[in-house]
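Numbering (the working numbering), first residue to last: 331 to 595.
Quick notes on the structure that follows.
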Amino acid sequence: MVRFASVVFLLAGGIALAQSPQSQPPALRQFDVVSIRLSAPNEQSIGMFTYPGGRVECTLCTVHYLLMEAFGIQKWQTSGLPDWAEESKGSERYDVQGKPAEGSPASKLNPPMSKLPPNEDQREMLQAMLRDRFHLNYHWASKEAPVYVLERGTAPLKLAPAKDSNAFPWAGVPNRGSGSGLAGTNITMAQLAVRLSGMLHKPVIDKTGLPGAFDFQFNTGDEDEGANISDSISYPLRKLGLKLTNGSGPVKTLVVDHIDRPTEN
331 MVRFASVVFL LAGGIALAQS PQSQPPALRQ FDVVSIRLSA PNEQSIGMFT YPGGRVECTL
391 CTVHYLLMEA FGIQKWQTSG LPDWAEESKG SERYDVQGKP AEGSPASKLN PPMSKLPPNE
451 DQREMLQAML RDRFHLNYHW ASKEAPVYVL ERGTAPLKLA PAKDSNAFPW AGVPNRGSGS
511 GLAGTNITMA QLAVRLSGML HKPVIDKTGL PGAFDFQFNT GDEDEGANIS DSISYPLRKL
571 GLKLTNGSGP VKTLVVDHID RPTEN
């Protein structure tokens with residue numbers, strides 16, 4: 331079993347290493363204008379979107395989801411949230427809009443599609459919003475936990491260079507759930523590791539050494555219906571020339587010490 335001495339935590343673009351838990355920064359970049367309101371019951375669109383000019387919108391978002399986007403962590407990397415803030419059915423949901431100041435570096439952003447996640451500056455602004463409007467107080471902790479390592483396998487690689495470098499980076503079950511297998515579009519191995527960690531509810535560290543973004547698809551059909559999720563991911567990975575191995579290390583977790591419902595606009 332591989333063991334890692336550094337603390338691991340998840341980011342939007344991959345896995346980062348940190349030497350020790352850190353306290354909150356004293357100052358953060360902030361949005362110039364912020365709007366927060368309870369979501370209307372008839373809203374359909376859900377998720378976080380980024381737009382030209384650095385504007386960030388989140389619709390039907392729980393506080394738990396806002397934390398995940400702001401800190402680049404997974405659902406299971408938080409603790410201490412009250413029930414109303416958890417990412418679960420029946421939790422309070424909010425529509426949030428944030429606009430950076432004119433002339434700021436973030437205001438010059440022009441993402442090719444709204445589905446792209448916030449960048450580092452926008453994440454910092456989301457953190458500042460959570461501190462100012464939700465009175466978030468938190469600290470980082472680490473705990474020993476199992477991890478997976480994504481590596482090159484023994485089978486030939488069946489990864490093609492991405493056809494469209496502007497396509498949304500995605501990986502998951504082909505055909506959105508009909509059958510089984512694994513597919514990816516314009517996704518790097520670091521991004522795949524993050525995607526897999528969300529599916530497996532365990533940190534996945536990219537050790538493939540493969541640069542660039544890839545397209546791939548492997549359908550297993552219905553023969554592994556009923557297999558557990560780890561098996562249903564490991565098998566197509568092996569067929570694509572990759573593999574998951576077990577490891578262990580301290581996993582960084584965001585602990586919420588205090589949070590309130592947001593202040594009014």
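Every residue gets a Cβ at the ideal spot worked out from N, C-alpha and C, and that includes glycine.
Member of the options whose CA lies at the smallest distance from the CA of residue i
i: Ala370; options: Thr389, Gly384, Pro382; result: Thr389
i: Arg423; options: Gly511, Tyr395, Val364; result: Tyr395
i: Glu454; options: Ala436, Pro442, Leu480; result: Ala436
i: Ala357; options: Ser418, Asp451, Leu439; result: Asp451
i: Pro533; options: Ala520, Leu567, Asp362, Leu540; result: Ala520
i: Ser527; options: Ser564, Asn549, Gly539; result: Ser564
i: Lys473; options: Ala415, Trp406, Asn496; result: Trp406
i: Val479; options: Met443, Ser562, Gly539; result: Gly539
i: Pro382; options: Ile403, Asn440, Leu489; result: Asn440
i: Lys429; options: Glu387, Ala415, Thr550, Trp414; result: Glu387
Per DSSP, cross-strand counterpart(s) of residue i
i: Ala501; result: Gly514
i: Ile535; result: Val479
i: His588; result: Asn467
i: Met378; result: Cys388
i: Val363; result: Lys429
i: Ala485; result: The partner list for Ala485 (beta bridge, DSSP) is empty, contrary to what the question assumes.
i: Ala543; result: Thr518
i: Ser409; result: Val585
i: Pro491; result: Phe544
i: Leu597; result: As shown, the chain starts at 331 and ends at 595. That puts residue 597 outside it, with no answer to give.
i: Asn549; result: Gly511
Rounded separation between residue i and residue j - CA only
i: Gln360; j: Ser434; result: 10 Å
i: Ala557; j: Met529; result: At Ala557, the pLDDT of 49 sits below 50, so the modelled position is not reliable; the number obtained from the coordinates is stated separately. Using only the alpha carbons, I get a separation of about 14 Å.
i: Gln409; j: Met378; result: Checking the sequence shown, residue 409 turns out to be Ser, not Gln. Each residue's Cα considered, the two are about 22 Å apart.
i: Leu574; j: Leu487; result: 14 Å
i: Gly511; j: Lys537; result: 22 Å
i: Glu373; j: Gly483; result: 44 Å
i: Leu572; j: Asn516; result: 17 Å
i: Asp494; j: Lys445; result: 15 Å
i: Glu594; j: Gln427; result: 13 Å
i: Arg367; j: Leu397; result: 17 Å
i: Thr518; j: Val503; result: 17 Å
i: Ser375; j: His465; result: 27 Å
i: Pro566; j: Phe546; result: 11 Å
i: Val581; j: Phe548; result: 31 Å
CB of residue i within 8 Å of CB of residue j, strictly
i: Ala492; j: Ala431; result: no
i: Thr583; j: Ala471; result: yes
i: Thr380; j: Ser421; result: no
i: Arg461; j: Pro592; result: no
i: Val586; j: Leu411; result: yes
Residue burial classification, residue i (beta-carbon count within 10 angstroms, cutoff 16)
i: Val364; result: buried
i: Arg385; result: buried
i: Ile589; result: buried
i: Gly579; result: buried
i: Ala485; result: exposed
i: Phe498; result: exposed
i: Ala501; result: buried
i: Pro448; result: buried
i: Met459; result: buried
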